[in-house]
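Asker:
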Amino acid sequence: MTQPWPNRYIEAILPIPVAAFSAFGITLIAKIIGNIMFKIEGHGTAFDAAVELLIHYGHAIHAILAFFMINGFLLCVTLVFEPSAITTLTRNKIVLPAIKISEHMFSLSMGVVAAWLLIETTSKGVPFGSWPKAISMLLLAEMFLFVLAAACGSIVVFFNHDYAAMLLKLGTYRYFFVGAVAAVFALSFYYDAVWNFASKAALAPHS
343 MTQPWPNRYI
353 EAILPIPVAA
363 FSAFGITLIA
373 KIIGNIMFKI
383 EGHGTAFDAA
393 VELLIHYGHA
403 IHAILAFFMI
413 NGFLLCVTLV
423 FEPSAITTLT
433 RNKIVLPAIK
443 ISEHMFSLSM
453 GVVAAWLLIE
463 TTSKGVPFGS
473 WPKAISMLLL
483 AEMFLFVLAA
493 ACGSIVVFFN
503 HDYAAMLLKL
513 GTYRYFFVGA
523 VAAVFALSFY
533 YDAVWNFASK
543 AALAPHS
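Note that the numbering used here gives residue 390 to position 48 of the sequence shown, counting from 1, and the numbers run on in steps of one.
(1) What is the DSSP secondary structure of glutamate 424, counted as helix, strand or coil?
(2) Does DSSP put threonine 387 in a helix, a strand or coil?
(3) If we ignore side chains and look at the alpha-carbon of each, how far apart do histidine 385 and serine 444 end up?
(4) Exposed or buried, which one is alanine 544 when buried takes at least 16 other CB atoms within 10 Å?
(5) Where does alanine 402 fall in DSSP's three states?
(6) Among Leu450, Tyr399, Ala372 and Leu407, which has the Cα closest to the Cα of alanine 391?
(7) Please give me, in chain order, every unbroken run of the alpha helix (DSSP H) with length at least 4 that falls completely inside the segment 473-500.
(8) Would you report the Cα separation of threonine 464 and asparagine 502, rounded to the nearest angstrom?
(9) For asparagine 434, count neighbouring C-beta atoms within 10 Å of its own C-beta (all shown protein chains included) and say buried if the count is 16 or more, exposed if not.
(10) Select from Leu356, Gly400 and Met508 the residue whose C-alpha is nearest the C-alpha of alanine 483.
(11) Leaving out the 5 sequence neighbours to the left and right, which residues in its chain are closer than 6 Å to asparagine 413 when beta-carbon positions are compared?
(12) Going straight from the alpha carbon of valine 455 to that of leucine 480, what length do you get?
(13) Let's see if you can read the secondary structure: which residues bound the alpha helix (DSSP H) around leucine 356?
(14) Pull up the distance between the alpha-carbon of alanine 405 and that of methionine 447, whole angstroms please.
(15) Of all the options Leu510, Gly521 and Ala491, which has the alpha carbon lying nearest to the alpha carbon of isoleucine 352?
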């Protein structure tokens, strides 16, 4: 039985905070084990490398965003040339799986950024008075990353379940929709608006 459309999108979004919490917990556990192993062996271990690898997602949010936006451009291209077996195959086998990967990376970044803030504030003895500002910037970054992850998940659900019905309703008017989406992506690249905001939002807690 086909689910009502709101349920499909809700179910697509629900795994995002779960993945973020998982990344948060694993990062902290790896950090704790890394500290213990450092005291035992006297040097860094693979656990420290694992923490650095995870935290890299928080520092590389602008690269993840660029990856997502490239997929957005490719998605627009497939829409322009519909109906076509090649564009449908490209969208279903290349573009949508890549957008799903973007969702996972944004979700992972949510948890890692929170874990990194906790590690930095506790290990460096940040004064308690500075915590409110750091927490507010963290919440800004978390909301931004959640919106991006939710957008990725919703896009995949839409094209898997609702796109065909929309195509029948819009017909040739879909080109206006594609043009608007492409314009947003183009302006974002040109002015670096989304790029810069993502970097500031995600990296501010680290400063």
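Ideal Cβ placement from N, Cα and C applies to all residues, glycine included.
Answerer: Taking the coordinates as given:
(1) coil
(2) coil
(3) 34 Å
(4) In this prediction, alanine 544 scores a pLDDT of 46, lower than 50, which makes its location untrustworthy; no coordinate-derived value is stated.
(5) coil
(6) Ala372
(7) 473-499
(8) Here the alpha carbons of asparagine 502 and threonine 464 stand approximately 44 Å from one another.
(9) exposed
(10) Gly400
(11) Val437, Ala440 and Ile441
(12) 8 Å
(13) That residue, leucine 356, is in no alpha helix (DSSP H); it is neither H nor E in DSSP.
(14) 10 Å
(15) Ala491
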